[in-house]
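Just so you know, our numbering puts 11 at position 9 of the sequence shown, and the rest follows in order with no gaps.
What follows is a set of notes on a single structure, which appears directly below.
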Amino acid sequence: ADARGTWESRSAQTEAGGAIADRLGIKPGDRVMRTRYVFRDAGEPMMLSTSWEPLALTGRTPVMLPEEGPLGGMGVVERMRAIDIVVDNVTEEVGARPGLAEELLTLGGVPGHVVVVVQRTFYASGRAVETADVVIPADRYRVAYHLPVK
């Protein structure tokens, strides 16, 4: 079923850890904007997402905060286009693992419940402009795709 709903988010500047720096093609310790989301369907938490964007790209621009300003909530592709960065592809790695206690507390699961994790990265001319971890309770939701063919 298509899930439509609401979300809440909070953004903060932080330093990229090693794994996130690798995904973004930056150095560990480089500044990033981290945004944490809780997505809800009919008020119930159904998905978590944490995204990171290099502040070397978005810092001091109108799109620095993903959910605020004139393009708040418009998504990565539209926000990047506004600062003359053309997103041309995205990669996703999908896996499963036991949910972390903090995740399951928010999602309403119990320790040991399996979550689907999607590691997504948007690129512009080979440069990563955003990466995110999306966490979905595997016992309640599926991840479905529609991929256009050129």
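The C-beta atom is built at its ideal place from N, Cα and C for all residues, glycine as well.
To the nearest angstrom, report how far apart residue i and residue j are at their CA atoms.
i           : j           : result
residue 50  : residue 101 : 11 Å
residue 84  : residue 77  : 11 Å
residue 121 : residue 127 : 19 Å
residue 11  : residue 146 : 23 Å
residue 14  : residue 116 : 28 Å
residue 89  : residue 82  : 7 Å
residue 113 : residue 119 : 16 Å
residue 148 : residue 71  : 30 Å
residue 103 : residue 79  : 32 Å
residue 44  : residue 98  : 25 Å
residue 30  : residue 152 : 37 Å
residue 3   : residue 19  : Residue placement at residue 3 cannot be trusted, given a pLDDT of 44 that sits under 50; what the coordinates show is reported in the next sentence. Cα to Cα, residue 3 sits roughly 36 Å from residue 19.
Return the residue from the list the options that minimises the CA-CA distance to residue i.
i           : options              : result
residue 125 : 27, 152, 14 and 139  : 27
residue 96  : 39, 140, 130 and 23  : 140
residue 69  : 47, 38 and 58        : 38
residue 47  : 148, 91, 143 and 150 : 143
residue 131 : 45, 61, 104 and 72   : 61
residue 58  : 44, 52, 23 and 91    : 23
residue 52  : 30, 91, 123 and 29   : 123
residue 91  : 20, 150, 29 and 19   : 150
Using 8 Å as the threshold, is the C-beta distance between residue i and residue j below it?
i           : j          : result
residue 93  : residue 42 : no
residue 35  : residue 55 : yes
residue 133 : residue 25 : yes
Can you tell me where the alpha helix (DSSP H) with residue i in it begins and where it stops?
i          : result
residue 24 : 20–26
How is the beta strand (DSSP E) around residue i delimited, first residue to last?
i           : result
residue 95  : 91–100
residue 144 : Element bounds for residue 144: n/a, residue is neither H nor E.
Got a sec: does the ligand FAD put a non-hydrogen atom nearer than 7 Å to the Cβ of residue i?
i           : result
residue 138 : For the structure depicted, the ligand FAD is absent and the ligand set is empty, with no information on it obtainable.
Counting pairs of Cβ atoms below 8 Å between the region 103–117 and the region 62–69, do you hit three or more?
-> Because the criterion of three Cβ pairs below 8 Å is not met, the region 103–117 and the region 62–69 do not touch.
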